[in-house]
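FYI, in full-length UniProt numbering the residues of the sequence shown are 1 to 394.
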Amino acid sequence: MTGRGVYEQSTRLDPAAEPVLIIGAGPAGLAAAAELRHHGVPSRIVDRADAVASSWRTRYDALRLNTCRWNSVLRVGDRYAPGTPFFPLRENAVAYLENFAAEHEADVQFGVQVNRIESVPEGWRVCTSAGPMTARQVVVATGHQHTPWLPDWPGKDEYAGRIVHSWNYRNPQEFQGLDVLVVGAGCSGLDIARDLAQGGAAHVQVAVRTQPNLLRKKSLGLPTDLLAAVLHRVPVRVADSVGRFVQRSSIGDLRQWGLNRPEEGIFTRQHRDGSPPVIVGDDVFDAIRNRRFEIVAGVSSVGADGVRLADGTMLQPDAIVAATGYTSGLETVVGHLGVLDERGNPLNYRQPAVRPGLHFLGYAPCMGVIGRDAKRVMRHVLAELKSSTVTAPS
Numbered sequence: 001m002t003g004r005g006v007y008e009q010s011t012r013l014d015p016a017a018e019p020v021l022i023i024g025a026g027p028a029g030l031a032a033a034a035e036l037r038h039h040g041v042p043s044r045i046v047d048r049a050d051a052v053a054s055s056w057r058t059r060y061d062a063l064r065l066n067t068c069r070w071n072s073v074l075r076v077g078d079r080y081a082p083g084t085p086f087f088p089l090r091e092n093a094v095a096y097l098e099n100f101a102a103e104h105e106a107d108v109q110f111g112v113q114v115n116r117i118e119s120v121p122e123g124w125r126v127c128t129s130a131g132p133m134t135a136r137q138v139v140v141a142t143g144h145q146h147t148p149w150l151p152d153w154p155g156k157d158e159y160a161g162r163i164v165h166s167w168n169y170r171n172p173q174e175f176q177g178l179d180v181l182v183v184g185a186g187c188s189g190l191d192i193a194r195d196l197a198q199g200g201a202a203h204v205q206v207a208v209r210t211q212p213n214l215l216r217k218k219s220l221g222l223p224t225d226l227l228a229a230v231l232h233r234v235p236v237r238v239a240d241s242v243g244r245f246v247q248r249s250s251i252g253d254l255r256q257w258g259l260n261r262p263e264e265g266i267f268t269r270q271h272r273d274g275s276p277p278v279i280v281g282d283d284v285f286d287a288i289r290n291r292r293f294e295i296v297a298g299v300s301s302v303g304a305d306g307v308r309l310a311d312g313t314m315l316q317p318d319a320i321v322a323a324t325g326y327t328s329g330l331e332t333v334v335g336h337l338g339v340l341d342e343r344g345n346p347l348n349y350r351q352p353a354v355r356p357g358l359h360f361l362g363y364a365p366c367m368g369v370i371g372r373d374a375k376r377v378m379r380h381v382l383a384e385l386k387s388s389t390v391t392a393p394s
């Protein structure tokens with residue numbers, strides 16, 4: 001059970017009001033619906049999948065959250081089921097979200113693909129696979145890991161091996177006895193490399209283009225995600241200095257294994273381009289030091305003769321697992337409305353809506369932050385509903 005979370009004092013609105021339309025039944029959509037319900041505002045969620053938390057269900061089997069139980073809930077006071085590890089497993093997160101949806105009586109219409117949102121005199125027309133839907137208040141809660149992104153490597157179509165995005169990786173069984181190149185040294189890339197190496201792949205290499213800012217899941221005796229939350233409240237140069245100390249004391253020098261500590265500090269990089277630190281478990285660091293997988297240069301091209309790295313080395317892997325990230329997938333849906341930045345992410349989504357009545361939620365790295373964001377963004381929704389000043393977008 002999720003337990004009884006803590007809510008702010010509610011302001012009840014007309015329960016007969018038109019439902020707020022929420023797109024996405026993952027953590028963000030469920031948090032939005034629960035917050036609105038607490039304030040007496042009905043909502044309807046639409047989702048392209050057939051169950052809540054679909055993105056969690058389809059991730060690789062060995063996935064373990066890099067945020068602790070306390071920071072992996074949507075409401076302060078929520079609890080995971082007894083016996084849940086301190087860093088929950090994928091199935092623990094799914095069970096929590098299922099219980100959350102049931103407890104808050106989320107009204108979800110599954111199997112609905114949203115294709116485009118258009119402005120109309122009544123507010124917003126949402127064009128879906130189930131037909132058009134109209135609402136004055138729309139919350140787009142599909143998150144930043146919506147659409148897998150695969151680099152357009154020169155010669156990629158001529159490669160004889162298999163290329164799979166990390167989104168489609170499940171377990172090492174189908175890679176046993178194979179030489180595998182994992183592209184990308186983010187959380188998923190390094191953890192999948194460990195999983196492959198432990199699961200019977202013959203040889204595993206990780207291609208690294210940008211050196212990651214690595215951290216262990218626990219630092220200075222604390223969950224690193226909670227320590228990072230505190231450091232986000234201090235000046236960046238101070239946070240960077242603490243981050244450097246944590247890296248030196250808990251990780252040490254990994255240069256002999258091919259990983260150089262970036263010149264740019266953890267928080268400076270995150271403020272510059274949104275890239276969070278790469279937080280992984282002790283088993284990943286053990287695999288690196290025991291050379292269970294090998295760090296190599298970034299990929300330059302992929303072709304019939306194999307993979308050429310940035311340093312000129314040629315590899316001939318049997319398969320490539322591309323842990324190369326995601327896009328928001330919002331360009332075709334709302335790109336024409338002037339609400340996205342140059343990277344395709346919502347503009348200032350935690351602030352009052354750029355276009356009144358059109359809100360965004362879920363573009364944060366963990367459930368704890370998403371839950372806090374839900375309160376903030378839903379306050380903007382409630383303010384617009386209370387003021388009754390939402391007019392048709394121009």
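Cβ atoms here follow ideal geometry from the backbone N, Cα and C, with glycine treated the same way.
Rounded to whole angstroms, Pro276 and Leu214 show a C-alpha spacing of 10 Å. When the Cα atoms are used, Ala239 and Leu65 turn out to be separated by approximately 23 Å.
For Gln113, there is no enclosing alpha helix (DSSP H), as DSSP gives it neither H nor E. Sequence-distant Cβ neighbours of Pro42 in its own chain, meaning closer than 6 Å and more than five residues away, are Pro19. Ala25 sits away from Val114, with the two beta carbons spaced by 9 Å or more. For Ile370, the enclosing alpha helix (DSSP H) stretches over residues Met367 to Ser387. In the displayed model, His271 falls within a helix according to three-state DSSP.
Ranking His336, Asn92, Leu382 and Pro82 by CA distance to the CA of Glu118 puts His336 first.
The beta carbon of Pro352 lies closer than 7 Å to those of His380 in the same chain, with the five residues before and after it left out.
Measuring C-alpha to C-alpha distances from Leu315 to each of Ala322, Val307 and His39 identifies Val307 as the nearest. The beta carbon of Asp282 sits closer than 6 Å to none of the beta carbons in its chain outside the five residues before and after it.
Using a C-beta cut-off of 8 Å, the stretch 294-314 makes contact with the stretch 138-158, since at least three inter-stretch Cβ pairs fall below that distance. With three or more CB-CB distances shorter than 8 Å, the stretch 180-200 counts as touching the stretch 51-69. Taking 9 Å as the cut-off, the beta carbon of Val354 is found no closer than this to the beta carbon of Leu361.
Between Leu181 and Ala207, the C-beta gap is smaller than 9 Å, which places the two residues in contact.
Contiguous alpha helix (DSSP H) elements confined to the stretch 153-238 occur at 187-198 and 224-231, taking only those with 4 or more residues. Secondary structure note for Arg90: its alpha helix (DSSP H) is the uninterrupted segment Arg90 to Glu103. For the 9 Å CB-CB criterion, Ile279 and Pro27 do not form a contact. DSSP, read as helix, strand or coil, puts Gly131 in strand. Put simply, the backbone Cα of Ser72 is about 9 Å away from that of Asp78. Residue state for Ser72 is assigned as coil, using DSSP reduced to three classes. Approximately 31 Å separates the beta-carbon atoms of Arg194 and Arg48; this is outside 8 Å, ruling out the contact. Scanning His144, Val46 and His104 for the CA closest to the CA of Gly40 turns up His104. Under the three-pair Cβ rule at 8 Å, the stretch 255-262 does not count as touching the stretch 218-234.
The beta carbon of Gly344 sits closer than 7 Å to those of Thr327, Ser328, Leu330 and Glu331, all from its chain and outside the five residues before and after it, given in chain order.
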